[in-house]
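In what follows, a structure is listed as structure tokens, so that the remarks can point back to it.
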Amino acid sequence: MKIGIIGFGNLGHALAEGLIRSALIEPGDINIYNRTATVCQNATAKYGVFACSDVNQILAGSDIIFLVVKGYALADMAPSIDRALLTGKTVVSFMAGMDFAATQALIGKVNLVRAMPSLSIATCDGVIGYTAAPETVKNILEHLGYAFEVAPEDIEKVTAFSACGLGFAAYLIDAFASAGIQLGFSPEESTKIASQTFKNAIDRGDYKNTVRAVATKGGATEQGVLHMDSQRVYDIVANAVQAAYDKMV
Ligand SMILES: NC(=O)c1ccc[n+]([C@@H]2O[C@H](COP(=O)([O-])OP(=O)(O)OC[C@H]3O[C@@H](n4cnc5c(N)ncnc54)[C@H](OP(=O)(O)O)[C@@H]3O)[C@@H](O)[C@H]2O)c1
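For the sequence shown, the numbering used here puts the final residue at 257, and the numbers step up evenly by one.
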């Protein structure tokens, strides 16, 4: 099975790395399109994949094609795409904010799956929501992390909550690390302590109970939690996820 990856930016790299790491796909069975020749040369040198700047060559040599460019980039490329090369193949769009109609208006009525991964597919540990898909595609996505099916109208919820969410999670840990720096810890120590503390919270699993277990009545943690409650941190986080969602629908 030959895999085509159209676009080799942040997520295209993550997809190629995840596919290779999963051992499901050999590097030689990965075909990458990128408009910039040096990016293609680097991809071949680093991963042993085939890469070139002729999109139709990549489409011709691939059985399943992943769209990993932004919508405006696909619009730029669309006039040069030979639609006949997509006949009978499955196209998996990772593009946020591009619904079925918008994508099919650019490349024709192809067999289209929408899937929304986080960058952590690079380590086969991502979160991936996908619309109804053939077993071969499901199998690939399941090798890249926690994969689950959603209704087409819910795919941007996955984008906001988990794809954007990885950035939000990193933001919150970085904010916590900054608090350590303000207390006088070095940036390195603060990052390590913040990372370990978030990891410990994740490992405990039951977050509400962990808050209760640490924030005992009259203690110091309670003061910090009361402050966060007074600043409506739950609302701030929910509004951030909502803002990301609203941008796409
Ligand atoms: N990053 C994430 O965490 C994430 C998560 C979920 C979904 N997505 C989706 O994945 C897609 C790619 O995101 P990304 O973060 O990988 O973006 P990116 O790092 O900015 O990469 C964009 C890619 O598109 C190419 N490109 C830009 N304009 C082009 C044009 N006019 N014609 C042909 N190619 C063009 C770039 O090629 P050059 O190298 O030549 O510039 C690059 O390969 C987007 O649709 C995004 O919504 C991203």
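Using N, Cα and C, we set each Cβ at its ideal position, and we do this for glycine too.
With 6 Å as the limit between CB and the heavy atoms of ligand 1, the residues that fall short of it are Gly15, Phe16, Gly17, Asn18, Leu19, Gly20, Asn42, Arg43, Thr44, Val47, Val76, Val77, Lys78, Ala81, Asp84, Met85, Phe102, Met103, Ala104, Met124, Pro125, Leu127 and Ala171.
With a 10 Å radius around the Cβ and a threshold of 16 neighbouring Cβ atoms, arginine 220 comes out exposed. Relative to valine 245, the option among Ala140, Gly20, Tyr179 and Gly56 whose CA is nearest is Tyr179. When DSSP states are grouped into helix, strand and coil, methionine 124 belongs to the strand group.
Comparing alpha-carbon positions, the option among Lys207, Thr44 and Ala83 lying closest to serine 61 turns out to be Thr44. Around proline 195, the same chain offers Ala185 and Ile189 as residues with beta carbons nearer than 8 Å, after the five sequence neighbours per side are excluded. Of the residues assessed, methionine 124 falls on the buried side of the cut-off, its CB having 16 or more other CB atoms within 10 angstroms. In the DSSP assignment, isoleucine 14 falls outside any alpha helix (DSSP H) and within the unbroken beta strand (DSSP E) covering 11-14.
Tyrosine 215 counts as exposed, since fewer than 16 other C-beta atoms from the protein chains shown sit within 10 angstroms of its C-beta.
Judged by their CB atoms, glycine 137 and isoleucine 66 are not nearer to each other than the 8 Å cut-off.
Under the criterion of beta carbons closer than 8 Å, valine 135 and serine 170 qualify as touching, at roughly 4 Å.
Contact between glycine 15 and alanine 81 holds: CB atoms are separated by about 7 Å, below the 8 Å threshold. For valine 241, the uninterrupted alpha helix (DSSP H) run begins and ends at 241-256, by DSSP. In the DSSP assignment, serine 101 falls within the unbroken beta strand (DSSP E) covering 98-101.
Pairing glutamate 25 with alanine 130 gives a Cβ-Cβ distance under 8 Å.
Residues Arg122, Met124, Gly137 and Thr139 of the same chain have their beta carbon placed closer than 7 Å to that of isoleucine 163, with the five preceding and five following residues left out of the count. Residue environment analysis places glycine 227 among the exposed positions, since fewer than 16 neighbouring C-beta atoms fall within 10 angstroms of its C-beta.
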